[in-house]
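Numbering (UniProt numbering), first residue to last: 1 to 854.
We put the CB at the ideal spot given by N, CA and C, even for glycine.
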Amino acid sequence: MWAKPRNAQNKSDRLDLNALYCKPSYHYQTHEVTVDGADGSILKAEPVGRRTNFTQAERIIDIITFEGIVGRSSIDPKVNLGYFPREAPDSEVRFEGWDLDYPTPQISYVIGLSPGRKFDDFRDPVTFKNGLDRMRKLLFNNALETLLVDDSGGEEVVGKRVITSEGIVVVPLIAHILAGFLGLIVACLGGVLLVSYNRQNNLASDPDTLGTKMALGNINLGPGDEEVSTDWMFGKLVSPVELSISTGLAVTLVNITLLTLLIILYKSALRWNGRTRSNSSKIIFSFIPTVIATLLEPLWALVWRYLALYQPYIELRRGNASPAASLGLKYTNIPPVLIAPRALRHGHTFLFLASMMVITANILSIALGGIFDRSSQPLTSDIMVTYPFTTTINTEIQTAHTTKWGETFAKDLEEHWLVINTNVLEGTDLLPWVTDEFYFLPFELESGNKTGLRTSMTQGYGGNLTCQLLAVAEVGTYPFAAEWVWSLKASNQSDKNAMQACGGLILAGWGRGEANQENIGENDIRTVSANMQSNTTIICSQQISTGKFRVTVDEEGHVKRSKLIGELKYDDSRIFNGSTSVGNFTAQLATLLHTPPGKIWDFGTMHNDNSSHSFLQFIGESLISKNLSDPSTPSPSFEDAQQALSKFYKRFFTILLALNQDTIFVPAGKVRRSEVGQLESIEPRMLMDPVMFYIAVAVLGFQLIAGTIIFASTPRRFLPRFPFNLASEISFFHASSALSDVAGTANMSSAMRKRHLKRLGGTYGYGKFRGSDGENHVGIERMSMIRSYKEAVATTSSSSTIPETTAMVRAASVVPSASPSPPEEGEVSVEGVVSTAGDVAVQVLAVDHIRAGQ
1 MWAKPRNAQN
11 KSDRLDLNAL
21 YCKPSYHYQT
31 HEVTVDGADG
41 SILKAEPVGR
51 RTNFTQAERI
61 IDIITFEGIV
71 GRSSIDPKVN
81 LGYFPREAPD
91 SEVRFEGWDL
101 DYPTPQISYV
111 IGLSPGRKFD
121 DFRDPVTFKN
131 GLDRMRKLLF
141 NNALETLLVD
151 DSGGEEVVGK
161 RVITSEGIVV
171 VPLIAHILAG
181 FLGLIVACLG
191 GVLLVSYNRQ
201 NNLASDPDTL
211 GTKMALGNIN
221 LGPGDEEVST
231 DWMFGKLVSP
241 VELSISTGLA
251 VTLVNITLLT
261 LLIILYKSAL
271 RWNGRTRSNS
281 SKIIFSFIPT
291 VIATLLEPLW
301 ALVWRYLALY
311 QPYIELRRGN
321 ASPAASLGLK
331 YTNIPPVLIA
341 PRALRHGHTF
351 LFLASMMVIT
361 ANILSIALGG
371 IFDRSSQPLT
381 SDIMVTYPFT
391 TTINTEIQTA
401 HTTKWGETFA
411 KDLEEHWLVI
421 NTNVLEGTDL
431 LPWVTDEFYF
441 LPFELESGNK
451 TGLRTSMTQG
461 YGGNLTCQLL
471 AVAEVGTYPF
481 AAEWVWSLKA
491 SNQSDKNAMQ
501 ACGGLILAGW
511 GRGEANQENI
521 GENDIRTVSA
531 NMQSNTTIIC
541 SQQISTGKFR
551 VTVDEEGHVK
561 RSKLIGELKY
571 DDSRIFNGST
581 SVGNFTAQLA
591 TLLHTPPGKI
601 WDFGTMHNDN
611 SSHSFLQFIG
621 ESLISKNLSD
631 PSTPSPSFED
641 AQQALSKFYK
651 RFFTILLALN
661 QDTIFVPAGK
671 VRRSEVGQLE
681 SIEPRMLMDP
691 VMFYIAVAVL
701 GFQLIAGTII
711 FASTPRRFLP
721 RFPFNLASEI
731 SFFHASSALS
741 DVAGTANMSS
751 AMRKRHLKRL
761 GGTYGYGKFR
771 GSDGENHVGI
781 ERMSMIRSYK
791 EAVATTSSSS
801 TIPETTAMVR
811 AASVVPSASP
821 SPPEEGEVSV
831 EGVVSTAGDV
841 AVQVLAVDHI
851 RAGQ
């Protein structure tokens, strides 16, 4: 029933009335339930069977007893309460602003299960009915849960287990693009294999060396082929633009820019905990870095390719090059990964560096592609916070709550017990400004209602117990157990100091004994005699600790982090004000401690089950995860008893202060103390992965150094025509006598040709010589046939053109040497060795080209 007088001054006047008659019904039904595998909480419940009503006669549950419990809002005293209070919470104190007159105990549940509702809202019959319905269901579920026991012979059913695993989420658009490119690659690869298989190939080996190309050119050059124009040989020298100084400067500038930008972004990300993330940041930070690194790869691939083509000519230009180091060099048809170790083995440093540049460009694209990470990160900014309370404790600032045992500062004698109960046993969150061991004075933002974590300095308060073991009786058998918590009083109550000293002490015990039950007299009056045979009794004094803490809380005040600044102080008299002292305050705490909800005195109920009937000890044992109340075991040790009581007291102290902060601490008034704090908000940010950053920096640093070496030291402009293709390469040896060395080797493999040239024992160079057509040429020739070699080299090194004549002719003599194999019919093979012993000019004998049939 809900009723409210229409005349607030005359409550006996006519009433607004909302009276409901509710008849409960009970049923059972099969459900398919999905529970969380970690904590057993119900995620989803769907009915799959027919609902079946039942009554008291079916004796599924004792409906009459349950209805009586709900009606009285209390539990039978013979039942082991465990962590349940004997009676419903008192609603008069909690809702004193509603001006309720004699509310029944169920009203606490009805109001609590109707969040946000005011008194007048329950005038609506539907609102009132829904609150009552939720109240009955909650009490019924709790009561039924405590009565359920394990059924070893129950029916087995087949269930389902769903495992949720964490993994990498693939972006659909990117996945489709990649799948398309991969499909294109597979199609192209299939086409290459098909064309290669069906194409006719008359080559005995891969034309991957100069020697192979010379052998093929020797077969196809005809008698008139000597009449090739040589004007281009003496024109301007050329070099690929990719190997030019301007290209090197541009690439170096790009590398420096990327390296500097990466370092700046990384330093900025460390300082500001990431960069601001916008809608377009996914493209900016994911694709653009990858594209930049991908574009660098083809540039370095061209540099590597041209250096691979250059390398044989560089060796020939040095002179006296062996066939293996010049005509037999195999670089052009091998990927950079395989060229790098080969070039390093042969001492070709520039080519090795160029190959590594191509390899590291791929690594750079991977590193830049994964260097940016999108996640939510905390950002801090300075804020001004104010403190609504001073650090001083004065329990006289409000009308004290009087109990049988004295006055206390607590507004409600039960609420702190209920909060401890739900926090310890049900796992609910602690109250705002509270941790397991400390209560912190709250602080507020000076202006605005900003979201995020707030951090500031504040005062913290904690409670501690120092306990001693009292003498115990003889050890005996243990048919029953009992637990109790008492406070003490001074024998001389006129002595204020003695009253406070004794009132602050706490006496707790765990006992074991024997009990006998007998019926006396004609009426069979049942009596029980008990003999306490052993106990663990401890007496504890309280200590109040205070200190400065740096505390971080959320918008509601729940503590996320706390750090002690300095040292704790114990029983500091400076934190108390007025008539409140350490002794007075701890005496009030002891009074509140020994009166659990629904009990006037925790006098120690004898029990033969293994669960404590003392609320305080039950919670304490739960905190240390030990059962100290089993009558089949000896009394607990002093260490276990002290630990259980101390852990409970710490939690009890902090929760009690949080619930009664406005009756304990002196308000700050209009002029509040303020300090600079920090606001920590969680925002989407773009971070940089440290591993990928260091990889990218290492690669860019290597490319910067290696690129500088390559572009600064690679020979440029000593070829009149760059050997891009076979035709340009033939122009360097079409009139050379070196063709006779590779004659007849076109059908040999590269290895066979290399051995053949090694047996000939000749060396080769690049310079000016008179060809078989009687004209001057610049190209590949036997060293014995190259005229004025050093002067030609010097000239081409210092000038971009090659003169048609040379002023100085180096003395040479031709010494015939025996050929390891006789020449074929129609061929003459004459080899010479250059001698530098004298300076006398002699006629040079050079048989450039003799062909059969002339």
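6 Å CB neighbourhood of residue i in its chain, flanking five on each side removed
{"i": "PHE653", "result": "GLY463"}
{"i": "HIS849", "result": "Only weak support exists for where HIS849 lies, its pLDDT of 37 falling under 50; the value from the coordinates is given anyway. Around HIS849: SER772."}
{"i": "PHE732", "result": "GLY779, ILE780"}
{"i": "ASP373", "result": "LEU687, ASP689"}
{"i": "GLU297", "result": "ALA361"}
{"i": "VAL553", "result": "ARG454, VAL559"}
{"i": "SER369", "result": "With the sequence shown as reference, residue 369 is identified as Gly, and Ser is not the correct amino acid for it. Same-chain partners within the cutoff: THR290."}
{"i": "MET1", "result": "ALA19"}
{"i": "LEU351", "result": "LEU307, GLN311, ALA343"}
As assigned by DSSP and simplified to three states, the class of residue i
{"i": "CYS188", "result": "helix"}
{"i": "TRP433", "result": "coil"}
{"i": "LEU262", "result": "helix"}
{"i": "MET748", "result": "coil"}
{"i": "ALA179", "result": "helix"}
{"i": "HIS346", "result": "coil"}
{"i": "LYS118", "result": "coil"}
{"i": "ALA508", "result": "strand"}
{"i": "THR537", "result": "strand"}
{"i": "THR390", "result": "strand"}
{"i": "ASN218", "result": "helix"}
{"i": "GLU831", "result": "No answer about GLU831 holds up, because its pLDDT of 38 lies below 50 and its placement is not dependable."}
{"i": "residue 906", "result": "Because residue 906 is not part of the residues shown, which for the chain are 1 to 854, the question remains open."}
{"i": "TYR439", "result": "strand"}
{"i": "THR408", "result": "strand"}
{"i": "PHE722", "result": "coil"}
{"i": "SER728", "result": "helix"}
{"i": "GLU444", "result": "strand"}
{"i": "GLN377", "result": "strand"}
{"i": "PHE95", "result": "coil"}
{"i": "GLN106", "result": "coil"}
{"i": "ARG318", "result": "helix"}
{"i": "VAL238", "result": "strand"}
{"i": "THR276", "result": "strand"}
{"i": "VAL559", "result": "strand"}
{"i": "PHE733", "result": "coil"}
In DSSP terms, what residue i is bridged to
{"i": "GLN678", "result": "ASP382, THR455"}
{"i": "SER545", "result": "GLY462, TYR570"}
{"i": "LEU564", "result": "PHE549"}
{"i": "ASN198", "result": "Beta-bridge pairing links ASN198 to no other residue."}
{"i": "HIS777", "result": "PHE769"}
{"i": "THR360", "result": "In the DSSP output, where bridge partners are listed per residue, THR360 has none listed."}
{"i": "ARG782", "result": "TYR764"}
{"i": "CYS467", "result": "CYS540"}
{"i": "PHE140", "result": "Paired residue(s): none; PHE140 is not in a bridge."}
Same chain, Cβ closer than 8 Å to residue i, five either side skipped, listed in chain order
{"i": "ASP206", "result": "THR212, ASN333, SER750"}
{"i": "GLN29", "result": "PRO47, GLY49, ARG50, ARG51, THR52"}
{"i": "ALA204", "result": "ALA746, ASN747, MET748, SER749"}
Spatial neighbours of residue i in its chain, beta-carbon cut-off 7 Å, leaving aside the 5 residues before and after
{"i": "LEU353", "result": "ALA706, ILE709, ILE710"}
{"i": "LEU138", "result": "TYR109, LEU113"}
{"i": "GLU396", "result": "GLY578, SER579, THR580"}
{"i": "SER165", "result": "none"}
{"i": "ILE322", "result": "Note that residue 322 is Ser in the sequence shown here, rather than Ile. Excluding sequence neighbours, SER322 sits near THR763."}
{"i": "PHE54", "result": "TYR26, HIS27, TYR28, ILE60"}
- Query: Does the stretch 372-392 come close enough to the stretch 671-684 that 3 or more CB-CB pairs lie under 8 Å?
  - Reply: yes
- Message: I'd like the ranges of any beta strand (DSSP E) spanning at least 3 consecutive residues and lying wholly in the stretch 2-63.
- Response: 2-5, 15-18, 26-28, 31-35, 42-47, 52-54
- Segment contact flag, the stretch 411-423 with the stretch 353-364, C-beta cutoff 8 Å, min 3 pairs: no
- Message: I want to know whether the stretch 618-626 touches the stretch 634-646 - three or more CB-CB distances under 8 Å.
- Response: Enough Cβ pairs lie closer than 8 Å, so yes.
- Message: Give the list of continuous beta strand (DSSP E) stretches no shorter than 3 residues that lie fully inside the stretch 607-694.
- Response: 665-667, 673-688
- Message: I want to know whether the stretch 753-760 touches the stretch 321-336 - three or more CB-CB distances under 8 Å.
- Response: Contact holds: three or more Cβ-Cβ distances are below 8 Å.
- Message: Three or more C-beta pairs under 8 Å: does that hold for the stretch 151-161 against the stretch 124-143?
- Response: no
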